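Residue numbers (UniProt numbering): 1 to 322. The C-beta atom is built at its ideal place from N, Cα and C for all residues, glycine as well. Just so you know, these numbers come straight off a predicted model, no measurement behind them.
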Amino acid sequence: MKIAITGSSGYLGRCVTAAALSRGHEVVGIDIKPSGIRDGRFSEHLIDIADGEAVNRAVKGVDAVFHLAAALAQFVRDEKRMQKTNVDGTANILKAAKVNKIKKLVYTSSVEVYGIDVPTPCPEDAPMNPICQYGREKVECEKMCRDYGREGLDITIFRPPTINGPGQNEPFLVSQMEAVYRGKATLLPGGGRSRLQMVDVADVADALFLALEHPKAVGAVMNLGSDNVPTLRGMAQALYEHIGRRPKFISIPALPARIVVRGLSAMGLSPIEPQHLEIALKDYVFDNSRAKELIGWRPKKDDIESAKAAFDDHIKRMEVGG
C-alpha cells in the first residue's frame with residue numbers, strides 16, 4: 001500500500017514512517033522540514049499543508065493518508081500559524097483526499113478536545129469543552145472529518161493523550177528527564193498525586209495500521225491511552241530508580257504553580273502551557289475500551305515502561321551530542 005504521512009519529520013511522524021516501511025508499505029512523506037529518512041520506498045514533499053495545490057499534488061496516487069501534522073503551542077507561539085496548519089491544512093488534506101478518491105484517511109486528533117473537567121475514565125461520547133486554541137482547532141477539524149465522512153470518505157479519528165517514548169521532544173518532559181539524569185529534583189505540581197495518562201508512540205503507530213485493516217474503524221472515533229496509569233510522582237520515582245538514583249522532588253502547590261506558569265507563559269518562557277498545568281493537577285485518564293473492541297488494539301507498554309524508553313533514548317542522544 002502507498003501511504004501519505006503528513007508531519008513525517010515530526011516525533012510521531014518519524015515513528016509511523018519507520019513502522020510503515022517495516023511493514024512493506026511505500027511512503028510519501030509530507031512536511032515542511034526534511035526527515036533525513038533514506039529508503040528506496042520513501043519519497044518526500046517539502047511543502048506547507050496550508051498550500052492546497054501542493055497538498056493535492058503530493059497525495060496523487062496514494063491509497064491512504066495518515067494525517068499527523070499539527071502545530072502545538074509548545075513549539076509554535078504564533079496563533080495564526082497554528083490556525084493555518086491545524087485547520088486550513090486539515091481542510092486541504094480532506095479536500096485532496098476526496099478529489100483524488102483516496103481509499104482511507106486516518107486523522108490524529110487529541111484528548112484536548114474534551115477540555116479539563118472530564119470523568120475518569122473519560123469516554124468518547126463525553127462533551128467536548130476545549131479550553132485552549134489547540135483543543136478548539138481539533139474540535140473544528142473533527143467536525144470537518146465527519147462532514148467528509150458523510151460524503152463518502154472513509155475516515156477514522158484517534159484521540160491520543162500525550163505521546164511518549166523514544167524520540168520525545170516535549171520541553172517539559174525533556175527538562176524532567178534531564179533533571180533525573182543529573183540527580184536534580186523534579187517538579188511535581190500539586191505534589192504529583194494525580195494520574196496523567198499517556199500513550200507510547202509505537203502503540204499509536206499500531207492503532208493507525210489497525211485502522212487500515214478493520215471495517216469497524218470506518219467513521220469511528222477512538223481514544224488511545226495506556227493501561228494501569230500511575231501517579232506523576234510514581235512515574236518520576238520509577239525513573240530515578242531506573243538509573244539507581246535517590247528520588248528528589250519539589251512539590252509545588254497548585255496556586256503558586258499557576259501564577260508562575262502563567263507569568264512565564266506570557267513571556268514565552270514557560271516549558272509548560274497553562275492548560276497542561278491544569279491537566280497535571282487532576283486525574284486525566286481516558287477510556288480506551290472502544291479501540292480494543294473495534295480494532296483489537298492493545299497498548300503494549302504502560303506509562304512507566306514508555307517513560308523509561310524515552311529516558312534511555314534521550315540520554316543516549318544527549319551523551320553523543322545528538
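- Burial state of residue 120, where buried means 16 or more other Cβ atoms lie within 10 Å: As a first step, residue 120 is located in the sequence shown; it is residue number 120 there, counting from the start. Label assigned to residue 120: exposed.
- Query: Are at least three pairs of beta-carbons, each pair with one atom in the region 170-181 and one in the region 260-269, less than 8 Å apart?
  - Reply: no
- Is it buried or exposed for residue 322, if we count other Cβ within 10 angstroms and need 16 for buried? Taking the sequence shown and counting its residues from 1, one reaches residue 322 at position 322. For residue 322, the predicted structure reports a pLDDT of 49, less than 50, and the residue's modelled location is therefore unreliable. A value from the coordinates is still provided. So residue 322 ends up on the exposed side.
- Message: As a quick exercise: from 137, 87, 306, 170, pick the residue whose alpha carbon is nearest that of residue 270.
- Response: On the sequence shown, position 270 is the one that residue 270 refers to. Residue 170 is the option with its Cα nearest to residue 270.
- Task: Pull up the distance between the alpha-carbon of residue 286 and that of residue 245, whole angstroms please.
- Result: Translated into the one-based positions of the sequence shown, residue 286 becomes position 286. Translated into the one-based positions of the sequence shown, residue 245 becomes position 245. Cα to Cα, the separation comes out at about 31 Å.
- Message: So the candidates are 84, 20, 144, 79; which of them puts its Cα closest to the Cα of residue 212?
- Response: Here residue 212 corresponds to residue number 212 of the sequence shown, with the count starting at 1. When each option's Cα is compared against that of residue 212, the closest is 20.
- Query: With respect to the alpha helix (DSSP H) encompassing residue 56, which residues constitute its N-terminal and C-terminal limits?
  - Reply: Position 56 of the sequence shown, counting from 1, holds the residue named residue 56. Note, residue 56: alpha helix (DSSP H), 52-59.
- Message: Considering only their Cβ atoms, is the gap separating residue 83 from residue 26 smaller than 8 Å?
- Response: As a position in the sequence shown, residue 26 is number 26, starting the count at 1. As a position in the sequence shown, residue 83 is number 83, starting the count at 1. No, the Cβ-Cβ distance between residue 26 and residue 83 is not below 8 Å.
- Task: Using the Cα positions of residue 81 and residue 91, report the straight-line distance between them to the nearest angstrom.
- Result: Stepping through the sequence shown from its first residue, residue 81 is reached at position 81. Stepping through the sequence shown from its first residue, residue 91 is reached at position 91. So the alpha carbons of these two residues sit roughly 15 Å apart.
- Nearest neighbour of residue 124, chosen from 145, 7, 160, 265 [CA to CA]: Here residue 124 refers to the residue found at position 124 when the sequence shown is read from its first residue. Minimum Cα distance to residue 124 is reached at 160.
- Residues of its chain near residue 148, where Cβ-Cβ distance is below 7 Å and the 5 sequence neighbours each way are ignored: Working through the sequence shown from its first residue, we reach residue 148 at position 148. If we look at residue 148 and ignore the five residues flanking it on each side, its Cβ neighbours are 94, 98, 155.
- Euclidean distance between Cα positions of residue 46 and residue 28: As a working note, residue 46 is residue 46 in the sequence shown. As a working note, residue 28 is residue 28 in the sequence shown. Their Cα atoms are separated by approximately 11 Å.
- Taking just the CA atoms, how far does residue 204 sit from residue 167? Along the sequence shown, read from residue 1 onward, the residue named residue 167 stands at position 167. Along the sequence shown, read from residue 1 onward, the residue named residue 204 stands at position 204. Rounded to whole angstroms, residue 167 to residue 204 spans 14 Å at the Cα level.
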